[in-house]
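Participant: Heads up: the protein sequence lines correspond to chains X and D, in order. Numbering-wise (this note's numbering), the first sequence opens with residue -8 and increments by one. Numbering-wise (this note's numbering), the second sequence opens with residue 157 and increments by one. Even for Gly, the Cβ is constructed at its ideal location relative to N, Cα and C.
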Amino acid sequence: MTNNNHRVPQFSIGIDMELIDRFENVSLESHTRLLNRIFSARELNYCFSKVNPAPCLCGCFCAKEAIIKAFSSLHHSRLSFPEIEIVHDGKSGPKVNIIGEKFTTDFLDNIEIKISIAHTAQVAVSNALVILWCDR
Amino acid sequence: MDEDTIKKIFAQAFEISEEEVTDEIAYNSYQPWDSLKHLQLVSMLEEELCIEFEMDDIIDMSSYKKVREIVLKYLQKK
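(1) Ends of the beta strand (DSSP E) at K82 of chain X?
(2) In or out: V198 of chain D buried (at least 16 other Cβ within 10 Å) or exposed?
(3) Who pairs with N88 of chain X in a beta bridge, going by DSSP?
(4) How would you list, in chain order, the residues of chain D whose beta-carbon sits under 7 angstroms from the beta-carbon of L25 of chain X?
(5) Pull up the DSSP beta-bridge partners for K105 of chain X, would you.
(6) Leaving aside the five residues before and after H79 of chain X along the sequence, list all residues of the same chain whose C-beta is less than 6 angstroms from its C-beta, in chain order.
(7) Just how far apart, CA to CA, sit I104 of chain X and N184 of chain D?
(8) Does the distance from the C-beta atom of I108 of chain X to that of A54 of chain X stay below 7 angstroms?
(9) Specify the secondary structure class of A112 of chain X as computed by DSSP and reduced to three states.
(10) Would you check if the distance between the CB atom of Y186 of chain D and the CB atom of I207 of chain D is smaller than 7 angstroms?
(11) If you draw a straight line from the alpha carbon of V114 of chain X to that of I11 of chain X, how long is it in whole angstroms?
(12) Okay, do the region 172 to 184 of chain D and the region 214 to 233 of chain D touch, 3+ Cβ pairs below 8 angstroms being the bar?
(13) Per DSSP, which one or two residues make a beta bridge with P46 of chain X?
(14) With C-beta atoms as the reference, is I154 of chain D less than 7 angstroms away from M200 of chain D?
(15) Straight-line CA distance for A119 of chain X to I4 of chain X?
(16) Of the residues that make up the region 52 to 67 of chain X, which ones have a beta carbon closer than 9 angstroms to any beta carbon in chain D?
(17) May I ask you to report which of helix, strand or coil DSSP gives C206 of chain D?
(18) Grab the span of the alpha helix (DSSP H) containing V(-1) of chain X for me, first residue to last.
(19) Give a single yes or no on whether S219 of chain D has its beta carbon closer than 6 angstroms to a heavy atom of the ligand SAM.
(20) Between which residues of its own chain and R127 of chain X is the CB-CB distance below 8 angstroms, once the five residues before and five after are set aside?
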């Protein structure tokens, strides 16, 4: 756990919403490249374990997009979809992993990301809060 | 031939006719062109043309004109 006594937080938020039916006919067999551009293997395993994967895929997509928007307004590192992983451990709300060799331990220690995902029958929505800890 | 193919794939991605595809179509001003459609377009171009884009080029695809320029650059390298 990092000691934040000598650091100040910089906050940024992002939000995104999408129509779930845009993911309705997406399958692992016919949309391999698209799915691998957006989701990690763990995310695909999780969403395609559902009877209807579309709301899960759409919610994960929205969460990633919300995080990308929040990061862009911090004018810090640019994130892309494969570098963000939404993890559902079944215990509490979804968590976020940042993946990629370009991200140093120092960078990851200074970042906190909180997300919330919701959906109706038609629409998924997610918001993201990114906290970047900076030296005073 | 290559330019015709790019236009055809672009039209398929956006479900419009090839006649409707113009250089002026841009990410910021063409409402159907959102982030998900952008990734669908990228995946279709990669699959159909057997190329793989760098992330910076994917981000630079801000208009049909830019898409065509970037795709042609990759096709020339093949």
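Facilitator: The structure says:
(1) Looking at the DSSP string, K82 of chain X is not in any beta strand (DSSP E), and its letter there is neither H nor E.
(2) buried
(3) X:E76
(4) L195, Q196, S199
(5) X:L120
(6) Y37, P85
(7) 27 angstroms
(8) yes
(9) coil
(10) no
(11) 5 angstroms
(12) yes
(13) BP columns for P46 of chain X are empty, so no partner.
(14) Shown here, chain D extends from 157 to 234; a query on residue 154 of chain D therefore has no answer.
(15) 5 angstroms
(16) F52, E56, I59
(17) coil
(18) That residue, V(-1) of chain X, is in no alpha helix (DSSP H); its beta strand (DSSP E) goes -2 to 10.
(19) Ligands displayed in this structure: none; no statement on the ligand SAM is therefore possible.
(20) H(-3), R(-2), V(-1)
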